[in-house]
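Numbering (the working numbering), first residue to last: 59 to 698.
Glycine included, C-beta positions come from ideal geometry on N, C-alpha and C.
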Ligand code: WTA
C-alpha cells in the first residue's frame with residue numbers, strides 16, 4: 059500500500075475530462091486510493107459488496123478468501139467464498155432477463171467478416187439458445203465436471219456453447235481456431251475432453267478456414283459427429299442451472315509454457331465471476347447505455363473475460379466481430395464503431411501499430427464521436443502507438459486504459475481507472491483493487507521506490523488461477539518456486555519516481571508475437587522434429603507491427619544442405635505443429651550455435667545477432683567464439 063502515492067503527480071500526465079469524471083464510478087485518484095486500501099486490508103468487505111450483486115443459492119461458509127502463497131509453508135492454494143453455491147450462467151443471463159428486466163436488451167451485435175453480414179441477439183434470445191444447447195449437451199451425456207473442448211470461430215454459437223457448459227457445470231476448454239490439428243489434439247488429450255464442438259468453417263478476410271477438416275485430423279471417430287442445427291432444433295428451452303460450488307472449475311484455457319508443453323490454466327466459478335464483473339465495470343467505467351467492443355478472439359483469455367463473462371455479468375451490449383481490422387479495408391474498425399455507436403473500445407497494441415501505418419485518413423473517414431474510453435491489452439504499448447491511439451482515434455477526448463494481465467490472472471491486474479488515474483503513455487499505472495504488486499531483484503529482495511526487476515504479486519485476488527489442470531506441481535514450480543511467498547508473473551517491470559508501474563516485457567523464454575505468447579521451446583521442438591534439423595534456437599527480434607517476430611537459428615544434420623526448399627518446409631512444419639501464429643519470420647542456417655562450456659545456448663548473444671548488434675557484451679563464457687563471426691555472416695536480412 060505504501061507504494062501507491064497519496065496523490066498522483068500533476069505534471070507529465072494526462073487527465074480525463076470533467077464530463078467523464080462527473081458520472082464515473084471511481085471519479086478521482088483519492089477515491090481510488092481509499093477503495094484500494096479497503097480492498098487490500100479488508101477483501102471480505104470490498105468483494106462482499108461486489109458479491110451482493112449476484113445470486114447465491116447458498117451462502118459461503120468459511121473465510122471469504124483463504125490462501126497460501128508460500129511454497130515453504132505447504133501446498134499453494136486459493137479459495138474464494140468456499141461453500142457458497144451459484145451458477146455463473148444463471149447470473150449472467152437469467153438474472154439479467156428475469157430480475158433486471160433486460161430481456162429485450164441487445165447482448166450482442168454480431169458483425170460478420172463480410173460487411174452486411176450481421177445479427178442481433180437479445181439477452182432473452184441468448185438465454186433460450188443457451189438452455190437449448192445445454193439440453194443438447196445433457197442429451198449427449200455431458201455431466202457436471204466433464205470437460206468439453208470448443209474449437210470455433212467468432213460466432214454467437216461460440217458464446218452459446220461456453221455458457222451452456224457453464225450452465226450444467228461442465229468445464230469448457232476453448233482452443234483458438236487458429237491452432238493446428240496437432241495443437242488441438244494435444245489440448246483435448248490433456249484436458250480429457252469428452253466432446254468437441256466445432257464448426258464447418260469460416261472466412262478470415264478472404265481466406266476460408268475449414269475448421270472441421272482440421273478437426274478431423276485429430277484421431278476421432280467420425281461415427282460420433284453430430285450436427286448442431288439438427289440437435290438444437292428439437293431441444294427444450296427450459297434448463298435448470300446446475301448449482302456449483304464456488305471452487306468448482308469453470309474453464310481450462312491453455313497458455314504457452316516455457317518447457318514447450320502448454321499449461322491448462324484452471325479458473326473456478328465464483329472468484330472469476332466477481333473479478334471479471336468488477337474489472338469490466340470499473341476499468342471501462344461501464345454504464346447501461348454503453349456499447350462495448352472488444353476486438354479479441356474468444357479463444358484467448360481476453361475474449362473469455364471481456365467478451366463473454368465480464369460484459370454479460372454487467373448486462374452490457376457488446377459487438378461480437380468475426381473479421382479482421384483490415385478487411386475489406388483498413389477503415390473497418392471505425393466503420394463498425396460508427397455503425398453501432400461504440401462507446402468503449404478495447405484492442406491490442408499490434409492492431410494499433412498495424413493501422414497506424416496507414417495514417418489518420420482511414421480513421422478520419424468515420425466520425426467516432428460515440429467513443430468515450432479506449433483500452434489496450436496483450437503486450438507493452440510503445441508511447442508512439444499510445445499517442446496515435448489517444449490523439450488520432452480518440453481525438454484526445456478518451457482516456458486510454460493500458461490493462462496489464464495474463465491468462466493466469468483471470469482479469470486486469472495493473473491498469474488505470476479511466477476517470478481516476480492520470481495517464482502516462484506506455485504505463486499500466488497502478489494495481490487494480492485487491493492486487494498487491496512488488497518488484498524483486500534477482501535474489502528475491504523486494505525493492506522500494508523507483509526500481510526495476512521481476513513483477514510479482516504478494517497476495518491473491520478472487521480471479522487468480524487455481525492450478526494447472528492435472529499438474530498442480532507444475533503450477534507451483536512455474537509461479538511460486540522462484541521467489542517463495544510471491545506469485546511470479548514472468549514479466550519485468552519498472553517503477554518510476556511517481557510510483558507508476560511500467561511493464562517491460564517477458565523475462566523468461568517466452569515471446570510475444572502480435573499479443574500471442576509463444577514459448578521458444580515450443581517452436582524449437584517443432585523445428586527439431588524435422589529430419590534435417592539437429593538443433594534449433596529461437597529468439598525474438600523486435601518488429602514494428604507484431605512487437606516481436608520469430609528469428610530461428612537451425613543447425614542441420616551432417617551432410618544436409620541448406621536451401622530455399624528446406625526453408626519453406628521448416629516454415630510449414632511449424633505452422634502444422636502449432637498454428638499460423640507461430641510461423642517463423644526468419645530462419646538462419648547456423649552450422650554452430652553459441653554455447654557456454656556447460657552446453658547452454660546463449661540466447662542473449664543470438665538476440666543480438668538477430669538484430670545485427672555487434673556489441674555482444676560479455677562473451678567470456680562462450681565455449682567456441684569462432685561461431686559468432688559465421689553467424690553474423692549468415693544473418694537473414696529479409697523475412698522468409
Ligand atoms: C503481456 C493476455 C504489457 C505480458 C491478457 C503478460 C502485457 C502476457 C499487457 C500475458 C500490457 C498483456 N502491458 N504487457 N498491458 N497485457 N501483456 O496470457 O507479457 O495471453 O505476461 O494474457 O502478455 O498474455 P496472455
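- Of the candidates 404, 513, 266 and 492, 404 places its Cα closest to the Cα of residue 435.
- In chain order, 443 and 447 place their CB closer than 6 Å to the CB of residue 410, counting only its own chain and leaving out the 5 sequence neighbours on each side.
- A direct Cα-Cα distance of roughly 20 Å separates residue 626 from residue 239.
- Boundaries of the alpha helix (DSSP H) harbouring residue 107: 101-109, taken from the DSSP string.
- A distance below 8 Å separates the beta carbons of residue 383 and residue 413.
- The beta-carbon distance between residue 553 and residue 559, rounded to whole angstroms, is 6 Å. This is short enough to meet the 8 Å contact definition.
- By the 16-neighbour rule on beta-carbons within 10 angstroms, residue 226 is buried.
- In terms of Cβ geometry, residue 490 and residue 471 form a close pair [threshold 8 Å].
- Under DSSP, the beta-bridge partners assigned to residue 404 are 352 and 433.
- Counting only the Cα atoms, residue 579 lies some 6 Å from residue 317.
- The alpha-carbon of residue 653 is positioned some 17 Å away from that of residue 646.
- Along the region 543-618, the beta strand (DSSP E) occurs as fully enclosed runs of 3 or more residues at 545-553, 559-564, 568-571, 574-577, 591-601 and 605-614, listed in sequence order.
- Annotation for residue 536: the continuous alpha helix (DSSP H) segment containing it runs 530-537.
- In this structure, residue 336 lies near residue 108, with their beta-carbon atoms less than 8 Å apart.
- Within its own chain, the residues whose Cβ lies closer than 6 Å to the Cβ of residue 367, once the five positions on either side in sequence are excluded, are 334, listed in chain order.
- Between the region 533-544 and the region 510-518, the count of Cβ pairs shorter than 8 Å is three or higher; the stretches touch.
- DSSP places residue 323 outside any alpha helix (DSSP H); the residue lies instead in the beta strand (DSSP E), whose first and last residues are 321-326.
- When the beta-carbon positions are compared, residue 84 and residue 78 stay at least 8 Å from each other.
- If you draw a straight line from the Cα of residue 231 to the Cα of residue 259, it comes to about 19 Å.
- Secondary structure at residue 646: strand, using DSSP grouped into helix, strand and coil.
- Judged by DSSP secondary structure, residue 286 falls within the alpha helix (DSSP H) whose first and last residues are 286-291.
- By the C-beta criterion, the region 153-166 is judged not to be in contact with the region 130-143, since fewer than 3 inter-stretch pairs fall below 8 Å.
- Listed as beta-bridge partners of residue 460 by DSSP are 434.
- Going by DSSP, residue 444 is part of the alpha helix (DSSP H) stretching over 441-446.
- Note on geometry: alpha-carbon atoms of residue 670 and residue 623 lie some 25 Å from one another.
- Using a 10 angstroms sphere on the CB of residue 162, the tally of other CB atoms stays under 16, which defines it as exposed.
- Under DSSP, residue 230 forms a beta bridge with 206 and 309.
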